[in-house]
Amino acid sequence: MLSIEEMKIYLKDNLIENRYIHTLGVADTAIRLARAYGVDEKKAEIAALSHDIAKNRTIYELQDIIKKNNINLTYDEEANQELWHSIVSPIVAKEIFEIEDEEILSAMRWHTTGKENMSKLDKIIYIADMIEPNRNFPGVDLLRREAFKDLDNGVLQGLTHTIKYLLNKGIPIDINSIKARNYLLLKE
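In full-length UniProt numbering, the protein residues as written are 1 to 188.
This is the structure:
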């Protein structure tokens, strides 16, 4: 596996500047959350740095990787190309960063939609992506406070926020987000 510094060099060279800054913010937030919740900080940093590795790829490049890896997209995934980078990022990170840790790859895969029964690392990357310091939207400060107070409730509130946003925009909601939210609601 590449070193953290090697990963950062690759990302700086291959992401647009705003995406690179966002990625560093996610990494810092993920490390702090990992520390707060007893999760391996290095795994959190690696997953956070890698989560958007495919974000600046074209739709055609993402489509090609999906086809080459025989990935069958769900109806929801097919309908929303914004989700494709999270499906492809673990594949690209395995190839370029030589990441083999399934827990890290899972956190990368589910950072956009969430899923049922997420691991702590899955939750940390999901919410860190949403609350990193460069994010600015109504309610983000409340989400930040909640994420550091109660991880499950922070993720639940993050999922609720995203679902409301997508409903208001008339954008299809991935079934995994609904299942993730329902799982956390029923867990309480």
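Built from N, CA and C at the ideal position, the CB exists for glycine as well.
Thinking residue i and residue j are a contact (beta carbons under 8 Å), I'd like their distance in whole angstroms, please.
i, j, result
"I124", "M108", "No, I124 and M108 are not in contact; Cβ-Cβ is about 12 Å, not under 8 Å."
"L184", "V155", "6 Å"
"I87", "I66", "7 Å"
"A27", "L49", "5 Å"
Could you check which residue in the options has the C-alpha nearest to that of residue i?
i, options, result
"residue 190", "I16, L166, E100", "In the structure as shown, the chain starts at 1 and stops at 188, and residue 190 therefore has no counterpart that could be examined."
"K55", "N72, H22, A34", "H22"
"P138", "Q157, L121, I71, R32", "Q157"
"E132", "R19, I4, G25", "G25"
"G114", "R35, T162, L11, G170", "T162"
"N14", "L121, A93, I171, L142", "A93"
"R57", "W84, I9, N134", "W84"
"R19", "I71, R135, K169", "R135"
"residue 230", "M130, N80, K42, A30", "The structure shown does not extend to residue 230, since the chain is modelled only from 1 through 188, so no value can be given for it."
"E82", "N70, E102, N69, I59", "I59"
"D101", "D40, E5, Y10, L186", "D40"
"M130", "A30, E5, I71", "A30"
"A36", "E5, R145, I71", "R145"
"N153", "L186, K164, Y165", "L186"
For residue i versus residue j, is the C-beta spacing smaller than 9 Å?
i, j, result
"I46", "M1", "yes"
"I173", "L167", "yes"
"I99", "P90", "yes"
"A44", "L143", "no"
| message | Quick check: the stretch 140-151 against the stretch 166-183, are at least 3 beta-carbon pairs closer than 8 Å? | response | no
| field | the stretch 90-110 / the stretch 124-143 touching (three or more Cβ pairs under 8 Å) | value | yes
| query | Which residue spans inside the stretch 68-133 form an unbroken beta strand (DSSP E) run of at least 3? | reply | none
| Whole runs of the alpha helix (DSSP H) within the stretch 14-74, excluding any shorter than 4 residues | 17-37, 41-50, 59-68
| query | Which full runs of the alpha helix (DSSP H) of 4+ residues lie inside the stretch 140-173, going along the chain? | reply | 140-149, 151-169
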